[in-house]
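K.L.:
Have a look at the structure that comes next, please.
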Amino acid sequence: MKPAVSLMTSVNQQSRLKLALILGFLSGIGPLSIDMYLPALPTLAEDLGASASIAQLSLTACLLGLATGQLLVGPISDVRGRRVPLIIGIAAYAVVSALCAFSPSITIFIAMRFLQGFAGAAGIVIARASVRDLYSGPELTKFYALLMLVNGAAPILAPIFGAEVLQHTSWRGVFFVLSALGMAMLLAVLIGLRETLPEERRMRGGIGNTLRTFKRLSRDSLFMGYALTQGLVSASMFAYISGSSFVLQEIFHVTARQYSLIFGLNGVGIILATQVAGRLADKVEPRKLLRSGLLLASSGAFLLILAVTLHLGLAAVIAAFFMVVSSVGIISTTTTSLALQSQGNSAGSASAMLGMLSFIVGGTAAPLVGLGGKDTALPLAIVMASLVASAFICFMLLTKSRQRSQAQ
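Below is the structure:
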């Protein structure tokens, strides 16, 4: 279903860049919530008396909160509109972020991180759905690429900003900063973001209709193929996020500031890869772009296995990380566009399922990378390689036959 003409007129009256900035920062809630405290993860674990693996459960809790929150907010936004659920979610995010800073134990901290992710999920799922409300076809891919240009700055700036905050305060100060950022995003939404789903295009029905929508999506092999491909590759990045601070700081002895710079380099890779995908949207078939991204991720995962097992050194490990993480820019842009193309009024539910798979698989994989302790990078390499290989298999098995039948 094509977006209404009135909506396109509304978008033309707004600045395209302004819209991309607001939606980009909203979809950046995930990277901000995850990445800003990464340089503090080792000291946080020591302060709260937790092991590396238990401390990494705080990342898992946030990812699971982001996943389950999207499952709730996505369908609600299809029925109630995008703006009100978004405002409630961002306001709750600002409050819970502050509560994280007051956590007296690792158990309470993990619980607060789940609630933080749950509330912040509104920004991610509604930002994606709002773009689908306004665009279709190659324009949809192009705007997702523009969105990722803004969103890609979050992984670059968050750990660097987090490391700078740690120069002046403890890990608790990071969460006060996240609370302040939540308030800033809330203000931006109140002032600068209009409703993108008018009443005549909203879905009707209650929980039964929501369950039927999820059932339909789960049986759509083409949608699930793209969703699983994105989810598994994103999970490999979450595994990197969870384990890289321990691998680089404990094994290769880089400082917190050096780590944040290395982390930021990978964020630059995501931005560059995303813009390549956006510029080629009119010239190259999206599936070919997606296949190229998967080949880049597979090459990086293979290099990481070699670098760890053959002890090739820090440079090889950084290069492998860069290849896998950069590929997310191509894969996320193309899979999101391909998966949401045919979803129309149920874009919120479809967006929720896309996000859920990424965060559920990522949350499950995150603690696995720390099972070998702080002295080995092999578990991280195995988990990342396994996830990338699984993504390639899902892409080949679930999307190829349906794509052929649609072309005939």
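If you use my numbering, the sequence shown closes out at 407, no skipped numbers anywhere.
Where a beta carbon is used, it is the ideal one built from N, C-alpha and C, also for glycine.
The model shown is predicted, which means the values in this text are computed figures rather than measured ones.
(1) Beta-carbon separation of MET184 and LEU25 under 9 Å?
(2) Taking 9 Å as the cut-off, decide whether the C-beta atoms of MET383 and SER259 are in contact.
(3) For the pair the stretch 52-67 and the stretch 344-364, tell me if three or more CB-CB distances fall below 8 Å.
(4) Can you name, in chain order, every residue of its own chain whose Cβ lies under 7 Å from the Cβ of ILE317, other than the five neighbours on each side?
(5) When you compare the CB positions of GLY68 and LEU196, do they come within less than 9 Å of one another, or not?
(6) Taking only the alpha-carbon atoms, compute the straight-line gap between LEU227 and LEU311 and give it to the nearest angstrom.
(7) Within the chosen definition, does the stretch 261-280 reach the stretch 320-333 through at least 3 CB pairs nearer than 8 Å?
(8) Would you kindly check if the distance between the Cβ of PRO84 and the Cβ of ALA255 is under 9 Å?
(9) Give the range of the alpha helix (DSSP H) segment to which TYR258 is assigned.
(10) Decide yes or no for the touch test of the stretch 203-223 against the stretch 115-128: beta carbon pairs closer than 8 Å, at least 3 of them.
(11) Using the rule of at least 16 other Cβ atoms within 10 Å of the residue's Cβ for burial, across every protein chain shown, is ALA351 buried or exposed?
(12) Distance check for ALA179 and ALA93, CA to CA, integer angstroms please.
(13) Cutting at 6 Å between CB atoms, please list the residues of its own chain near MET35, excluding the five before and the five after it.
(14) When the Cα of SER76 is compared with those of ILE33, ARG112, GLN55 and ALA128, which residue comes out closest?
(15) Could you give the DSSP three-state label for TYR239: helix, strand or coil?
(16) Report the option in LEU353, ALA380, GLY277 and THR363 whose CA atom is closest to the CA atom of PHE301.
(17) Within the same chain, show all residues whose beta-carbon is closer than 7 Å to that of PRO366, passing over the 5 residues directly before and after it, in chain order.
(18) Check whether the Cβ atoms of THR308 and LEU247 sit closer than 9 Å, and answer yes or no.
(19) For LEU139 versus GLN340, is the C-beta distance shorter than 9 Å?
(20) Going by beta carbon distance, what residues of the same chain come within less than 7 Å of SER345, once the five residues before and after it are set aside?
(21) At the level of alpha carbons, what is the spacing between ALA349 and LEU313?
(22) What is the rounded straight-line gap between the Cα of LEU279 and the Cα of ILE269?
(23) Is the separation between the beta-carbon of ARG286 and that of THR332 shorter than 9 Å?
(24) Classify VAL324 as helix, strand or coil using the three-state DSSP reduction.
(25) Closest to GLY299 by C-alpha separation, out of SER135, PHE321, ASP281 and ARG112, would be which residue?
(26) For a minimum of 3 consecutive residues, which ranges assigned as the beta strand (DSSP E) are wholly contained in the stretch 282-340?
(27) Taking only three categories from DSSP, how would you classify TYR36?
(28) Alpha carbons only, please: which of ALA44, ALA390 and GLY80 is nearest the one belonging to GLU199?
(29) Which term fits PRO30, buried or exposed, when burial requires 16 or more other beta carbons within 10 angstroms of its beta carbon?
(30) Taking DSSP as the reference, what is the three-state secondary structure of PHE251?
(31) With a 10 Å radius around its C-beta and 16 neighbouring C-beta atoms as the bar for buried, classify SER243 as buried or exposed.
(32) Among residues of its own chain, excluding the 5 on either side of GLU284, which ones have a beta-carbon nearer than 8 Å to its beta-carbon?
(33) How far does the alpha helix (DSSP H) with MET355 in it extend, from its first residue to its last?
(34) Under the assumption that LYS17 contacts GLY191 (Cβ atoms under 8 Å), give the Cβ distance between them as a whole number of angstroms.
(35) In chain order, what are the residue ranges of uninterrupted beta strand (DSSP E) at least 3 long that sit wholly in the stretch 150-230?
P.N.:
On the basis of the coordinates in this document:
(1) In contact: MET184 and LEU25 (Cβ atoms closer than 9 Å).
(2) Going by C-beta atoms, MET383 is not nearer than 9 Å to SER259.
(3) These segments touch.
(4) Only residues of its own chain outside the window of five on either side were considered, and among them ILE261 have a CB closer than 7 Å to the CB of ILE317, listed in chain order.
(5) Inclusion of GLY68 and LEU196 in the CB contact set at 9 Å is not warranted, their separation being larger than that value.
(6) Rounded to whole angstroms, LEU227 to LEU311 spans 32 Å at the Cα level.
(7) At 8 Å Cβ cutoff, the stretches touch.
(8) No; because the gap between Cβ atoms is not below 9 Å, this pair is not in contact.
(9) TYR258 -> alpha helix (DSSP H) spans 255-278.
(10) Contact fails: fewer than three Cβ-Cβ distances are below 8 Å.
(11) The C-beta of ALA351 has 16 or more other C-beta atoms within 10 Å across all chains shown, which makes the residue buried.
(12) Rounded to whole angstroms, ALA93 to ALA179 spans 7 Å at the Cα level.
(13) Within the same chain, and ignoring the five residues on either side of MET35 in sequence, the residues whose Cβ sits closer than 6 Å to its Cβ are ALA157, GLY161 and VAL173.
(14) A check of alpha carbon separations from SER76 across ILE33, ARG112, GLN55 and ALA128 identifies ALA128 as the nearest.
(15) TYR239: helix per DSSP, three-state reduction.
(16) It is ALA380 whose Cα lies nearest to the Cα of PHE301.
(17) Spatial neighbours of PRO366 in its own chain (CB-CB distance under 7 Å, excluding positions within 5 residues in sequence) are listed in chain order as SER52, GLN55, LEU56 and THR59.
(18) No, they are not a contact pair.
(19) Result yes, Cβ atoms of LEU139 and GLN340 sit closer than 9 Å.
(20) Cβ contact annotation for SER345 (same chain, cutoff 7 Å, sequence separation greater than five): ASP77, MET202 and THR212, in chain order.
(21) Each residue's alpha carbon lies about 40 Å from the other.
(22) Cα atoms of LEU279 and ILE269: separation of roughly 16 Å, rounded to the nearest angstrom.
(23) Their beta carbons are not under 9 Å apart, which means ARG286 does not touch THR332 by this criterion.
(24) VAL324 falls in the helix class under three-state DSSP.
(25) That would be PHE321, whose Cα lies nearest to the Cα of GLY299.
(26) The qualifying runs do not exist here; there are none.
(27) In the structure shown, TYR36 sits in coil (DSSP, three-state: anything other than H, G, I, E or B).
(28) The residue with the shortest Cα to Cα distance from GLU199 is GLY80.
(29) PRO30 should be labelled buried.
(30) Residue state for PHE251 is assigned as coil, using DSSP reduced to three classes.
(31) The residue is buried, with at least 16 neighbouring Cβ atoms inside 10 Å.
(32) None.
(33) 346-364 is the span of the alpha helix (DSSP H), which, as asked, contains MET355.
(34) That pair is a contact at about 6 Å.
(35) Along the stretch 150-230, the beta strand (DSSP E) does not occur as any fully enclosed run of 3 or more residues.
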